[in-house]
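Written out as structure tokens, the structure is:
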């Protein structure tokens, strides 16, 4: 038995004696056996809104009233490639861009990212000497941990990836600057600037300015600024995204950033509206290629959204109701992790003030073991390494937790189970019991 | 003055004396001057549904009831890349395919065509030795006249185009077979099989079977079977599309055809649901690439459509109501063209039994003059040549007429104006007055 009591600070595992570690390991094996007995079936894998959140937008079911937009266009018919004006104006205000810099599209910002990449590959950008597919090699800078679908998309196009650390203030800007200064194959980078997936960090004004102004060997370097969580605050202290379009324009690189956003986690994940914002030239370039394969977005759904929100302030008010639903779930993740793991020296985790994720770092080399243990106990976690290019976390320590979708009670159960798995994996490693 | 009376057959222009032609030309100039005086503003350019047609689907405005599909999935959330089952089953029946061969997507079949082309270019198909972008040259067979957006899409990707005649029974199959047999750069062809744009012709079972079974030098030859008007009958004699997927499978080329369709001209042009149908392997291939840039289509809109139609028969019944609105417009085109142009030997035109277009052939070398005259008189026509690759009609004779969008009275006015322009252009040519 360890000598700690419930109220005292626990002794870090690294400071315990072999005997203490052995009995600690035995305790954890017992706890895990009991967990497995329960036959749970829980899921913390994806950043999906809960039903209760989706219910907030059920008035969409009987909208729009009428079908004519503010300009008098019949939204039911073809046309209007850039989206309806009133919705573009509303989200231009929310995203701190000008309406003419903003395109309102279909139901997926990921699709807009893919289309942009395809256009760059097959046609090149407004400042490209040639289509990217004609380059010997194309490389992206990927801050890690990051969003798995960003990396999968690059991989599908054979684009190489180099990583930089994602810090509390955003990507390590000096590391990025050093890479892009000399390697002309580096054509772009990903950033989730606000409440990043999965770290929750927010890119500061300073980091954004550095990335906007740095010299790049490639003349057509692009920042894919995926502002998926721009409005997704978990506290009253609302982060404001850096104004990347203005910063880049001021630095003489107006065509560098391309911003993406959507209402997927504002209204309905499957039936929202996505946005792309960039320089006016970039927007023209994007629409030019888009128009080859589209006769306009679903303008009825855009009008439905414009009427539902009423105004930019309507969107902000709506996000407060989301916060009221999901903030308690994040608080529960924090409570369980703190109560079960704090002080043992076996895990650190983020305390996000927005977004959809908690990033949990366990002991080096134990993340995949934790995910495996959880799976065998009926708790689905995102595969270890998924926040890294090619799914390869070199330290095998990062686990992405997504607590929004399950009801609060299930979040508690799932997190207690995760803690048990983290403890067992750490005990195994400390005692050399697993894969010695 | 010519000696014809209103009731007698007119004398073909080619058989008239110089004097007769001169007075005929004078008459036409006078008529055209009077037309210009009227200051019309009419548009026959695009195949758009009329407001009255869009109104047929206004019940969509208050659908869906609830948000759960037949499988119990919450359509509001992410997921379901291939579309909701009940809508796929409904349209599988209508398109004569199996549900597992059908994907229900977003609001645009054109986007699905573009995505398919991009996948073939960047990744290659299930039967491709390499991505098409790595071939020295990629060529498509284009039946002409055809759909301008098909050709523009190919052009945007640098794909070369060779033309074959579009006959009453579909593309000239022997001409196609001869081309594809020897040229391995020919990777695909376009077909609008039912009520083709713009000729209105329907691909027969025999032609479809020939195209499905012909030997091709390219192992991964694809038929882009754009069945946009599969259900868009103008008479009670409803054409049945050839079952291209079965024909190709039976001929040992199961992966050759990829079918596209949509509800754009069934419900709402901007807010419908598009479909892709192909072999199960092709569908898996398509979804694999689609999934890199999508977390599912707008399933709420799919559920909205499924509830609106109720069944495949509901779709067929709905199309009868469209027919009742637009058939009189096509009858009016036919009436005016016959009354004004028949027997003069200066124009031929199609009498479609479905679809959205009438294809008008005027005297060789006068189509662009007709369009110019019409424009100057306030009538917008699709640019001459637009039904040919690169906008180049080698005989400069084809004009696409799209009578669905304007109200019936405007169709009459516009067609009277078109006839006046055709007559003047013919008179100019016959009398050597224009660009002699």
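Chains as they are written, first to last, in the numbering used here: chain Y, 1 to 436; chain W, 1001 to 1436.
Note that the Cβ used here is the ideal one computed from N, Cα and C, for glycine as well.
Within chain W, the residues placing a beta-carbon under 8 angstroms from that of residue 268 of chain Y are 1076, 1077, 1300, ordered along the chain. As DSSP reads the structure, residue 1167 of chain W sits in a beta bridge with W/1170. Within the DSSP secondary-structure output, residue 141 of chain Y pairs in a beta bridge with Y/162, Y/189. About 6 angstroms separates the beta carbon of residue 426 of chain Y from that of residue 366 of chain Y, a gap short enough to meet the 8 angstroms contact definition. Scanning W/1031, W/1291, W/1013, W/1055 for the CA closest to the CA of residue 1322 of chain W turns up W/1055.
Under DSSP, residue 1359 of chain W takes part in a beta bridge, and its partners are W/1400.
By the rule that beta-carbons nearer than 9 angstroms mark a contact, residue 1149 of chain W touches chain Y.
Residue 65 of chain Y places its beta carbon 9 angstroms or farther from that of residue 1270 of chain W. For residue 258 of chain Y, the enclosing beta strand (DSSP E) has its first and last residue at 257 to 262. Proximity of residue 156 of chain Y to chain W, defined by a Cβ-Cβ separation below 9 angstroms, is satisfied. Taking a Cβ-Cβ threshold of 8 angstroms, none of the residues of chain Y is close to residue 1045 of chain W; the smallest such distance is about 11 angstroms. Following the DSSP letters along the chain, one finds residue 223 of chain Y inside the beta strand (DSSP E) bounded by residues 222 to 226.
Just so you know, the alpha carbons of residue 356 of chain Y and residue 26 of chain Y end up roughly 35 angstroms apart. Residue pairing from DSSP places residue 233 of chain Y in a beta bridge opposite Y/354. Proximity of chain Y to residue 1227 of chain W at the Cβ level (cut-off 9 angstroms) is not reached, the minimal Cβ distance being about 17 angstroms. Residue contact check for residue 67 of chain Y against chain W: a CB pair falls below 9 angstroms.
Chain order gives the chain Y residues near residue 1113 of chain W as 293, where near means a beta carbon separation below 8 angstroms. Contact of residue 1051 of chain W with chain Y is assigned, a C-beta pair being separated by under 9 angstroms. With 16 or more other CB atoms across the displayed protein chains lying within 10 angstroms of its CB, residue 1080 of chain W is buried. Leaving aside the five residues that flank residue 46 of chain Y on each side, the residues in its chain whose CB is nearer than 6 angstroms to its CB run, in chain order, 402. The beta-carbon separation of residue 1259 of chain W and residue 1276 of chain W, rounded to 7 angstroms, stays under the 8 angstroms limit for a contact. Here the alpha carbons of residue 1106 of chain W and residue 1291 of chain W stand approximately 13 angstroms from one another. Residue 422 of chain Y sits in a helix when the DSSP states are folded into three classes. Between residue 1312 of chain W and residue 1374 of chain W, the CB-CB gap reaches or exceeds 9 angstroms. Of all residues in the segment 1104 to 1129 of chain W, those with a C-beta nearer than 9 angstroms to a C-beta of chain Y are 1106, 1107, 1108, 1110, 1111, 1112, 1113, 1114, 1115, 1117, 1118, 1121, 1122, 1123, reading in chain order. Counting along the chain, no beta strand (DSSP E) covers residue 1308 of chain W; the unbroken alpha helix (DSSP H) around it starts and ends at 1299 to 1309.
Cα atoms of residue 1388 of chain W and residue 1152 of chain W: separation of roughly 10 angstroms, rounded to the nearest angstrom. Taking 9 angstroms as the cut-off, the Cβ atoms of residue 1062 of chain W and residue 62 of chain Y count as close. Looking at Y/352, Y/154, Y/180, Y/94, the one whose alpha-carbon comes closest to that of residue 241 of chain Y is Y/94. Around the beta carbon of residue 1428 of chain W, 16 or more other beta carbons sit within 10 angstroms, so the residue counts as buried. Residue range 205 to 213 is occupied by the alpha helix (DSSP H) that includes residue 207 of chain Y. Here DSSP, grouped into helix, strand and coil, assigns residue 1176 of chain W to helix. When the five nearest sequence neighbours on each side are left out, the beta carbons in the same chain lying within less than 6 angstroms of the beta carbon of residue 1159 of chain W are those of 1138, 1140, in order along the chain.
W/1060 is the residue among W/1021, W/1349, W/1254, W/1060 whose C-alpha sits nearest the C-alpha of residue 1268 of chain W. Between residue 1244 of chain W and residue 1257 of chain W the beta-carbon gap is near 4 angstroms, inside 8 angstroms, which marks them as a contact. In this chain, the alpha helix (DSSP H) harbouring residue 1151 of chain W covers 1148 to 1156.
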